[in-house]
DNA sequence: GTCTATAACGCGATAGAC
DNA sequence: GTCTATCGCGTTATAGAC
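Residue numbers (the numbering used here), protein chains in the order written: chain S, 65 to 277; chain X, 65 to 277.
And the structure:
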C-alpha cells in the first residue's frame, strides 16, 4: 500500500513536470506560428519529448492550446493585484503600467498567443473566459470612475483609458519584432525599458490630470 | 490590330478586377485565420472564383499574402500625410490619431494581417519592407523631436510616443472582438467611436504638455 | 508512462481539356 | 482566361510493442 502510494506520487510528479514543460514549449510555438501554423512535432521537439507523448498528456492540439490560454489568463489576473483597493490613482496607475510592461518585456509569448486568439475572434476561448474578462474589466472601470467622481483625476472614460494602457503595454510584447527593427535591429536595453516606463507613465498620468510628473 | 488592342485592354481590365477582388477576399481570410490557417479554397469562395483561378493570378499562397501586406502598407502611408510638414503639434497629433482610429474602425482586416505578421516575427515581410518602415518612422520621430526642441511640447521620447499612438489606435482594429465583448457584445456605436477619439486625443495631448484640452 | 510506425485526412499546387 | 480532376506532401492522431 505504501509502495503503491509512493508510485502514485512519483507518477503524479512526472506528470506535473512534463505537463509544465509541454505548456511552456507550446506557449512559445503557438506565439510564433499561430494555432494553425504550429505543429505538434515542433512543440514536442522544444519540450524534448516524443510527439506521441504530447498526445498522451493533451488529447488534441486544441486542448493543449486551451491549457496555454488559461495559464496566461491566470498570470495576468495575478499581476494586476497592485491595482486593487487603492485610493491613490497616481500610484495605482504607475504601478499597474510598470508591472504590465515588465510582464511584456519578460514573458512576451503569452501575450502573443492571447493577441492571436483575439485577432481571430476568440474562436477557441469561447464565451466563458471572455465573460470572465468582462466582469474583471468592469471592476477596474468602476474603480477608475470613482476616482473621477472624487475629483482625483479628470473625467476620462475608464474603459478607453484601460484599453489604452493594455494596448500600449502589450505592444512591447506583441510587436517586439517591430520595436526591435525600429531600434536599429537591437532589443531594447534595460535603460531603454526604463525610459519606456517613464514615458508611458508620464503621458498617462498627465493625460488624466496630474501636472506634477 | 485595333481589335487585338481592344482584346488586350479587355483582358487587362478583367485581370485588374479579379486581382482586386482576390486581394480583398484574401485580406479578410488572412486576418481572421492567419497565414497558415487560411485556405486557398476559402479565399476562392469569398472571391467567388474557382480555386485554380486564384493560383492563376497569384502563383503561390505566399505571393498572394505579400500582395495583401503591400496593399496595407500603402494605405497606411497615404493616411499619414496629415502628419507632415506642420508646425502645429496639437493639430498634427489629433488629426493623425483621428485618421488612424478611423482606419481601424473602417478597415480592421488590414491592420489584423499586419499585426499577425509582426507577432510572428515578420517571416514573410522580410527586411525590405521593415527597413522601409524604419526610415518612415525615423522621419516622424525627427519632426516630434523638433517640436520638443522648440518648446512646443514636453520633451517626451518621440519613438515611445509614436508606439503609444499606433498601439492605441490599432487596438480598435486588432482587438475589435475583445472591445465588442467588453462593450456588452455590441460593436461600438458612432457616438462611442467619437468618445474614443476624444478620450485618446485628450490623454495624448495633455500627456505631451497641453493643458487646455 | 514511453516510443515507433502508420493510418486517415486536408491542403497547396498543377495538368490538361475547354 | 476558366475550370475539373488529381497528385503529392505534411499533418494530426492512434495502434500497439515495450
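We treat Cβ as the ideally placed atom computed from N, Cα and C, and that holds for glycine.
For residue 129(X), the CB contacts under 7 Å within the same chain, skipping 5 residues up- and downstream, are 94, 99 and 188 in chain order. Within chain X, 259 and 263 have C-beta atoms less than 7 Å from the C-beta of residue 221(S), given in sequence order. For residue 121(S), same chain residues with a beta-carbon under 7 Å away, outside a window of 5 residues either side, are 82, 83 and 86 in chain order.
DSSP, reduced to helix, strand and coil, places residue 184(S) outside both helices and strands of the structure shown, so it counts as coil. With respect to the 9 Å criterion, residue 110(X) and residue 184(S) are not classified as neighbours on the basis of their beta carbons. Distance between residue 233(S) and residue 77(X), taken at the CA atoms: about 46 Å. Burial state of residue 74(X) is exposed, judged by a 10 Å Cβ sphere holding fewer than 16 other Cβ atoms. Under the Cβ distance rule, residue 192(X) does not count among the residues neighbouring chain S, no pair being separated by less than 9 Å. When C-alpha distances from residue 229(S) are compared across 208(S), 151(S), 88(S) and 180(S), the shortest belongs to 208(S). The alpha carbon of residue 155(X) has as its nearest neighbour, out of 259(X), 217(X), 79(X) and 112(X), the alpha carbon of 217(X).
DSSP places residue 117(X) inside the alpha helix (DSSP H), whose first and last residues are 115-121. With contacts defined as CB atoms closer than 9 Å, residue 263(X) and residue 277(S) fail to qualify as a contacting pair. In this structure, residue 165(S) lies away from residue 275(S), with their beta-carbon atoms at least 9 Å apart. Comparing C-alpha distances from residue 168(S) to each of 236(S), 106(S), 80(S) and 199(S) shows the shortest one belongs to 236(S).
The beta carbons of residue 132(X) and residue 186(X) sit no closer together than 9 Å. Taking residue 144(X) as the centre and dropping the five residues before and after it, the same chain places the C-beta of 160 closer than 7 Å to its C-beta, in chain order. Look at the beta carbons and you see the segment 193-203 of chain S touching the segment 244-257 of chain X: at least three pairs across the two are nearer than 8 Å. Among the residues of the segment 109-129 of chain X, none has a Cβ less than 8 Å away from any Cβ of chain S. No residue range can be given for residue 102(S), since it is assigned to no alpha helix (DSSP H) and is classified by DSSP as neither H nor E.
One alpha carbon belongs to residue 105(X), the other to residue 210(X), and they sit about 51 Å apart. By the criterion of a C-beta distance shorter than 6 Å, residue 153(X) is surrounded in its chain by 211, 216 and 217, once the five residues flanking it on both sides are discounted. Short of 8 Å from the beta carbon of residue 138(S), and not among the five residues preceding or following it, lies no beta carbon of its own chain. Chain-ordered listing is empty here: chain S has no CB closer than 7 Å to the CB of residue 133(X), the nearest sitting near 13 Å. Nearest C-alpha to residue 227(S) among 225(X), 240(X) and 222(X): 240(X).
Note that the C-beta distance between residue 177(X) and residue 136(X) is below 9 Å. Contact with chain S is absent for residue 137(X), since none of that chain's Cβ atoms lies less than 9 Å from the residue's Cβ.
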